[in-house]
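Everything in the sequence shown is counted per the working numbering, starting at 2 for the first residue and increasing by one. First comes the structure, then the notes that go with it.
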Amino acid sequence: MSAIPADPFDTRAFRCTLGAFATGVAIVAAEGEDGTLVGMTMSSFNAVSLDPPLVLFSVARAALSLPALKSARAYGISVLAHHQQDLSGRFARAQGEKWAGVAHLRGAGGAPLIAEAAAHLECAPHAIHDGGDHEIFIARVLAHRCEPEAAPLVFHAGRYRSLSAIAS
């Protein structure tokens, strides 16, 4: 294992260290006050609590979607399947028409959900906390569904990866 760098808070080195943790990839989406759909790719999605059912995701303070997400009445979280890498890239961009040609549906609360995702969570805002250069959103899960056989899209060390089973 390499030695800890002299400056442990070097941003580039810190990103590399965090990248050692493999994550799934999700798109969080909402409808802005003007009716415009917003959405962004994230790997900072996590479970918080089963009772009540809470999840969290973090959004950079510089993100163009932040104001719409802060004012949203509902969030749609779509956990991407392995074949949706192109959507991950599209929704990771700061600007551009992200929703053009993207098959999606609306949850009961109106939040947009990406079609054919490995899982969907329909959520309501619960709390927003300071997280340095990010804001941490805690959302209450109102409804959810998953496709147990769907292979997830995985991100590790700056690249998309595939899962393979380990013999037990």
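For each residue, glycine too, the CB sits at the ideal point set by N, CA and C.
Pairwise C-alpha distance: residue j and residue i
| i | j | result |
| --- | --- | --- |
| E136 | P149 | 31 Å |
| I28 | G111 | 16 Å |
| A152 | G25 | 10 Å |
| G77 | E123 | 5 Å |
| H105 | A118 | 10 Å |
| R94 | M41 | 8 Å |
| E34 | A61 | 20 Å |
Proximity winner among the options, relative to residue i (alpha-carbon distances)
| i | options | result |
| --- | --- | --- |
| G97 | P113, H127, V39 | V39 |
| V142 | H83, T24, A128, H84 | A128 |
| I139 | D87, A73, L57 | L57 |
| A48 | C17, G159, G36, H145 | H145 |
Environment of residue i [buried if 16+ CB atoms lie within 10 Å]
| i | result |
| --- | --- |
| H157 | exposed |
| P113 | buried |
| G108 | buried |
| I115 | buried |
| L70 | buried |
| A63 | exposed |
| H121 | buried |
For residue i, the three-state DSSP class (helix, strand or coil)
| i | result |
| --- | --- |
| L70 | helix |
| L19 | helix |
| R13 | helix |
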